[in-house]
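In the numbering used here, the protein residues as written are 110 to 249. Heads up, the beta-carbon is just placed ideally off N, CA and C, and yes, glycines get one too. Model, not experiment: these values are computed from the prediction. Working notes for the structure below.
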């Protein structure tokens, strides 16, 4: 199994090398993960890394809410909102909104919108990425 993972890893690096010559010489460590790797480290069934199954009913399940039945315990992450990185981030946003009380999510989104608007009108700091005008981004 380890030898097979090494062969696959080397093959992938060779393929990348055709697009980025010299890449292989820059690699100091490599690790190829498989579903078995994920199952070993995360205990996800059959190597699943998305947590709860992505089915429509999960959004209404009582265990997918930020407020848990345990007083003072709040939940966040991908299982509170949706699978993946964006889902995990939005699970955090949802939890923050719940912690902020009634309409907390909407206050949080309003604050984000205002801070984005302020950032558009300030000169970027050295090395900072300047936000694009939404109209420019859509037409590009």
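query: Within this structure, are the beta carbons of residue 147 and residue 158 separated by less than 8 Å?
result: Residue numbering aside, residue 147 sits at position 38 when the chain shown is read from its first letter. Residue numbering aside, residue 158 sits at position 49 when the chain shown is read from its first letter. In this structure, residue 158 lies closer than 8 Å to residue 147 by Cβ.
message: Which residue marks the beginning of the alpha helix (DSSP H) containing residue 146, and which one marks its end?
response: The residue you call residue 146 lines up with position 37 of the chain shown. From DSSP, the alpha helix (DSSP H) with residue 146 extends over 144–151.
- prompt: If you pair each beta-carbon of the stretch 184–193 with each one of the stretch 212–222, do three or more pairs fall below 8 Å?
  reply: A contact between stretches requires three or more CB pairs, one per stretch, nearer than 8 Å, and the stretch 184–193 fails this requirement with the stretch 212–222.
query: Cα separation between residue 172 and residue 123?
result: Sequence index remark: in the chain shown, residue 172 carries index 63 (1-based). Sequence index remark: in the chain shown, residue 123 carries index 14 (1-based). Rounded to whole angstroms, residue 172 to residue 123 spans 45 Å at the Cα level.
- request: Kindly indicate which three-state DSSP category residue 112 falls into: helix, strand or coil?
  value: In the chain shown, counting from the first residue as 1, residue 112 sits at position 3. It is helical.
message: Measuring only the C-alpha atoms, how far is residue 141 from residue 116?
response: Within the chain shown, numbered from 1, the residue matching residue 141 stands at position 32. Within the chain shown, numbered from 1, the residue matching residue 116 stands at position 7. Cα to Cα, residue 141 sits roughly 10 Å from residue 116.
- prompt: Hey, residue 175 and residue 184: beta-carbon distance below 8 Å or not?
  reply: Taking the first residue of the chain shown as position 1, residue 175 is located at position 66. Taking the first residue of the chain shown as position 1, residue 184 is located at position 75. In this structure, residue 184 lies closer than 8 Å to residue 175 by Cβ.
- prompt: What span of residues does the alpha helix (DSSP H) with residue 221 cover, start to end?
  reply: The residue you call residue 221 lines up with position 112 of the chain shown. Residue 221 -> alpha helix (DSSP H) spans 213–229.
task: Could you check if residue 152 is buried or exposed, using at least 16 other CB atoms within 10 Å of its CB as the buried criterion?
output: The sequence position of residue 152 within the chain shown is 43, counting from 1. Counting Cβ neighbours within 10 Å, residue 152 comes out exposed, since fewer than 16 surround it.
field: Where residue 122 falls: helix, strand or coil (DSSP)
entry: As a first step, residue 122 is located in the chain shown; it is residue number 13 there, counting from the start. Three-state DSSP puts residue 122 in a helix.
task: May I ask you to list the residues that DSSP assigns as paired with residue 255?
output: Here the chain comprises residues numbered 110 to 249, so residue 255 is not present and cannot be evaluated.
Of the listed residues 149, 119, 143 and 150, nearest to residue 136 (C-alpha basis): Position 27 of the chain shown, counting from 1, holds the residue named residue 136. Checking every option, the nearest Cα to that of residue 136 belongs to 119.
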